[in-house]
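Protein chains in written order, with the numbering used here: chain A, 1 to 433; chain B, 1001 to 1433.
So this is what it looks like as structure tokens:
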């Protein structure tokens, strides 16, 4: 058997434990699919004391990151500490030393990935299958399986926590707060769930997918991100009446090479007829539309030590193969040109909208709203107006045809200034099947 | 730019035209993802006269397969003529000459694939992404994205024609004959639809998937295949009542390396709660469960020139990369050991069953049936018995708990011999979410 590829693991928490456990349990099977075995030769973590749920040689665990990064025998480094720093610095140092890096760190990549790849020496690859939906092998699938395609659309449910909360709100008619509390009780939401519910985490992931698919240097600060905190049971009820589900969708679209791209995360009414709308609970899915392949969809668990370990080890296997047999260039062709981007200004983005107004319940109200919408080139596709007994105001729900964001914002400003408008309008986006 | 990889195309029908058209239309994009361009240098087809829906140089089209196979400049051959012969011979000759082969020919591969790969010289790859659901990049995804997994279960809807017919029967309560006629009128079924409706085509595909995932030499003649011809609107109605859909499922399962595998195609009641049950019309999907990744699902168009061209060209791109940069061994690791297989005998396979009996409508009937089932170690999970007015017989529908095929066949034989049984029992398999 050829000499093993020695790997250094930085970060020995749940995910790191999952990686070591997988290599322990499935070492023979994995080895049978490789020209050389994979060996975790060093582990660095601030915590060297806690018990881990896997077998490992205590002699290889230390707090000595410098020793790991400086060890010439280490060919690849797995970064699993998360966050921006010191993760970025460790990854940069590993790449500069000519080592490959495998990471699950979407936040760091969405901010620094393009620079790290651009500055890495030719023979050092930065792979990140685990950064987007650990249980969906989407990075390599787009890179290789869909290699012949011009990808025009990605629509993704890529945050399990928020999808779990939305599924609960839909099926249980509970409030956001109640659904979040339940998710925390079940371990599906962190004690501080901010990044999962405010759209940051799926924002990081769609930045990576958009960069890869469009070959552009899209960064997190470039994109529009909205979370699910303001959704109410009322909106779920209207969505259901109109045959939609509400999902936190991460979207990246462009017409083709050269056309400006649109990248955003927002709670969205999604037609119940679509495959994507069937994705419930903590599961994730990525729909990719390409020319010539047409619509495709990839579904699996979004997070957790086991699926993430699958992704990390698949990257290690690509590196073990390439180091023995060649083909590393193919892996590093994921690099994107730093600074090159072509994004649609937010006001020019186009979609259908769900608008919910709370207005005075009297004749002529609809005429005021539809006049303002019409003046702003927004046409109405469907509408719900239920009179509410003994109330002076009533909700009006409108689904628009495709409209420009700038026009919608102008119309909303005008409606806010009318006397009939009695509450801040609710604005959600709408996606058909 | 490096010298192009010259490719010979055998078979210039709809799919071949799709491949040439894709390389014409997206040549720049595809080239930007490769170290060397791909050039269709020769095309061989018996028909050199008919107009094709793509631009091509008429000078490269001829009937001369020998010239193509003997041309030392041709590095890769695309085989798109289908059927067993002369396709097999052409592929064998190309491989022997050290050329790579890309094929969409599932029938030929399900019978001869293992031998062809085993006898190919080391530097010649036989790739077949297009053979299983052209619009789902499943072969490369399993090979690379899921490389770290022990795959324990594949359940797939991999025949668009039959899925279209079943979707029609479910939604329109039409007979099999009516649904087939409609599919033919719409071009979703061939004038001779035999292989699509009798399970042969999905059988070919599940043989390829099982061989790949389990590393076994499974051939078409080894597996159990049932078609959809005998399904009646009555079974769809009962399936709906029990919250199932009826799908033609191709299944391959095993507990792990070393355990015997179960590979079959049969019309199956599938829980409506599963993602797979949402796949309707001509779409295909493959659910793969692996350890550690858990359940995953891949969805897309099953057939058609455009999706199939995507798959063929993705294989060509892997070859163009590997020929310039190395890594071909990784592609050829799809080879499986000829003759090595470990399959569960049919009578030992286990699943839940749907049994529909037409029995005399009188007291004691159920006692007879349940006694025979119990004697054969089959326990009842749920049951429907609707008395029918003015009829001397009535249907009894039973969903069993997991039972062995051999026990079920014995029980059926016993029930057939009773006086209460008035028609051939209907037996379908059942899969939960």
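For every residue, glycine included, the Cβ atom is placed at its ideal position computed from N, Cα and C. The model shown is predicted, which means the values in this text are computed figures rather than measured ones.
Notebook entry, point to check: Roughly how many whole angstroms lie between the Cα atoms of residue 1382 of chain B and residue 1077 of chain B?
Noted result: Their backbone Cα atoms lie some 54 Å apart in a straight line.
Margin query: Which of the three DSSP states is assigned to residue 38 of chain A in this structure?
Written below: Residue state, collapsed to three classes: strand.
Check: Smallest Cα separation from residue 1249 of chain B: which of B:1240, B:1257, B:1221, B:1196?
Finding: Considering only alpha carbons, the answer is B:1196.
Margin query: For residue 1298 of chain B, tell me which candidate among B:1408, B:1227, B:1158, B:1175 has the shortest Cα-Cα distance.
Written below: That would be B:1158, whose Cα lies nearest to the Cα of residue 1298 of chain B.
Notebook entry, point to check: Can you tell me where the beta strand (DSSP E) with residue 291 of chain A in it begins and where it stops?
Noted result: Here the beta strand (DSSP E) through residue 291 of chain A covers 283-291.
Item checked: Three-state secondary structure assigned by DSSP to residue 1334 of chain B -> Collapsing the DSSP output to three states places residue 1334 of chain B in coil.
Check: Taking all protein chains shown into account, do 16 or more other C-beta atoms lie within 10 angstroms of the C-beta of residue 201 of chain A, making it buried, or fewer, making it exposed?
Finding: Buried, since its Cβ has 16 or more Cβ neighbours within 10 Å.
Check: Listed in chain order, which residues of the segment 127-151 of chain A have Cβ atoms closer than 7 Å to some Cβ of chain B?
Finding: The residues in question are 135, 136, 137, 140, 141, 144, 145, 146, 147, 148, 149, 150.
Item checked: Rounded separation between residue 1327 of chain B and residue 29 of chain A - CA only -> Going from the Cα of residue 1327 of chain B to the Cα of residue 29 of chain A covers about 20 Å.
Next item on the list: Compare the C-alpha of residue 7 of chain A against each of A:316, A:340, A:357 and name the closest.
Entry: Restricting attention to A:316, A:340, A:357, the CA atom closest to the CA of residue 7 of chain A is found in A:316.
Check: Looking at the unbroken beta strand (DSSP E) that takes in residue 1144 of chain B, where does it start and where does it end?
Finding: Unbroken run through residue 1144 of chain B: none, as it is neither H nor E.
Note to self: Along the segment 326-341 of chain A, where does the CB come closer than 7 Å to a CB of chain B? Name the residues.
What the structure shows: Of all residues in the segment 326-341 of chain A, 326, 327, 329, 330, 333 have a Cβ within less than 7 Å of some Cβ in chain B.
Notebook entry, point to check: Using DSSP with H/G/I as helix, E/B as strand and the rest coil, what is residue 976 of chain B?
Noted result: The structure shown has nothing for residue 976 of chain B, since chain B only spans 1001 to 1433.
Notebook entry, point to check: What are the uninterrupted segments assigned as beta strand (DSSP E) that are 3 or more residues long and contained completely in the segment 1348-1389 of chain B, given in chain order?
Noted result: Within the segment 1348-1389 of chain B, the complete beta strand (DSSP E) runs of at least 3 residues fall at 1350-1360, 1380-1385.
Notebook entry, point to check: Name the chain A residues whose beta carbon is nearer than 7 Å to that of residue 1317 of chain B?
Noted result: Those within 7 Å of residue 1317 of chain B in chain A are 147, 148.
Item checked: Span separating the alpha-carbon of residue 1332 of chain B from that of residue 1395 of chain B -> A direct Cα-to-Cα measurement between residue 1332 of chain B and residue 1395 of chain B gives close to 53 Å.
Margin query: Strictly under 8 Å for the Cβ-Cβ distance: is residue 313 of chain A near chain B by that measure?
Written below: Taking Cβ atoms only, chain B reaches closer than 8 Å to residue 313 of chain A, which makes this a yes.
Item checked: Contact set for residue 1004 of chain B: own chain, Cβ-Cβ below 7 Å, skip 5 residues either direction -> Result list for residue 1004 of chain B: 1036, 1037, 1038, 1039, in chain order.
Next item on the list: Determine the DSSP secondary structure at residue 1299 of chain B, reduced to helix, strand or coil.
Entry: Three-state DSSP puts residue 1299 of chain B in a strand.
Notebook entry, point to check: Once you ignore the five residues that flank residue 397 of chain A on each side, which residues in its own chain have a CB closer than 6 Å to its CB?
Noted result: The answer, listed in chain order, is 238, 356, 384.
Next item on the list: Can you check the segment 1179-1246 of chain B for any alpha helix (DSSP H) of at least 4 residues that lies completely inside it and give the ranges in chain order?
Entry: Listed in chain order, the complete alpha helix (DSSP H) runs (minimum 4 residues) inside the segment 1179-1246 of chain B are 1194-1197, 1200-1214, 1233-1241.
Check: Near residue 1142 of chain B, what residues of its chain come up, given a Cβ to Cβ distance below 8 Å and the 5 sequence neighbours on each side ignored?
Finding: Take residue 1142 of chain B, set aside five residues on each side of it, and the residues of its chain with a beta-carbon closer than 8 Å to its own are 1151, 1209, 1212, 1213, 1288, in chain order.
Note to self: Quick check on DSSP: helix, strand or coil for residue 1411 of chain B?
What the structure shows: DSSP places residue 1411 of chain B in helix when its eight states are reduced to three.
Check: If you measure beta-carbon to beta-carbon, which residues of the segment 1246-1275 of chain B are closer than 8 Å to chain A?
Finding: The residues in question are 1257, 1275.
Next item on the list: Name, in chain order, the residues that DSSP records as bridge partners for residue 1294 of chain B.
Entry: DSSP, once it has assigned bridges, lists B:1290 as partnering residue 1294 of chain B.
Next item on the list: List the residues of chain A whose Cβ lies closer than 9 Å to the Cβ of residue 1306 of chain B, in chain order.
Entry: Those within 9 Å of residue 1306 of chain B in chain A are 291, 292, 293, 294.
Check: Any Cβ of chain A within less than 8 Å of the Cβ of residue 1120 of chain B?
Finding: No, residue 1120 of chain B lies away from the interface with chain A (no Cβ there is under 8 Å from its Cβ).
Notebook entry, point to check: Considering residue 101 of chain A, what are the terminal residues of the beta strand (DSSP E) in which it resides?
Noted result: Counting along the chain, the beta strand (DSSP E) containing residue 101 of chain A begins and ends at 100-103.
Margin query: So with CB distances below 7 Å, who are the chain A contacts of residue 1035 of chain B?
Written below: Here the neighbours are 329.
Item checked: Interface residues of chain B facing residue 240 of chain A [CB-CB closer than 7 Å] -> None at all; the shortest Cβ gap to chain B is about 18 Å.
Item checked: Where the segment 14-36 of chain A meets chain B: residues whose CB sits under 9 Å from a CB there -> For the segment 14-36 of chain A, which is checked against every Cβ of chain B, the residues closer than 9 Å are 18, 21, 22, 23, 25, 26, 28, 29, 30, 32, 33, 34, 35.
Next item on the list: Can you grab the Cα-Cα spacing for the pair residue 1084 of chain B / residue 1203 of chain B, in whole Å?
Entry: Linking residue 1084 of chain B to residue 1203 of chain B through their CA atoms gives a straight-line distance of about 15 Å.
Item checked: Minimum Cβ-Cβ distance from residue 1323 of chain B to chain A less than 8 Å -> False, the Cβ-Cβ gap to chain A never drops below 8 Å.
Item checked: Contacts around residue 313 of chain A, its chain only, beta-carbon distance under 6 Å, and the 5 residues preceding and following it disregarded -> Apart from sequence neighbours up to five positions away, the residues of its chain that approach residue 313 of chain A with a beta-carbon distance below 6 Å are 22, ordered along the chain.
Next item on the list: Identify which residue in A:108, A:45, A:129 has its Cα closest to the Cα of residue 319 of chain A.
Entry: Looking from the CA of residue 319 of chain A, the closest CA among A:108, A:45, A:129 belongs to A:129.
Item checked: Test: residue 1346 of chain B CB closer than 8 Å to a CB of chain A -> Chain A, which has no Cβ nearer than 8 Å to the Cβ of residue 1346 of chain B, makes this no.
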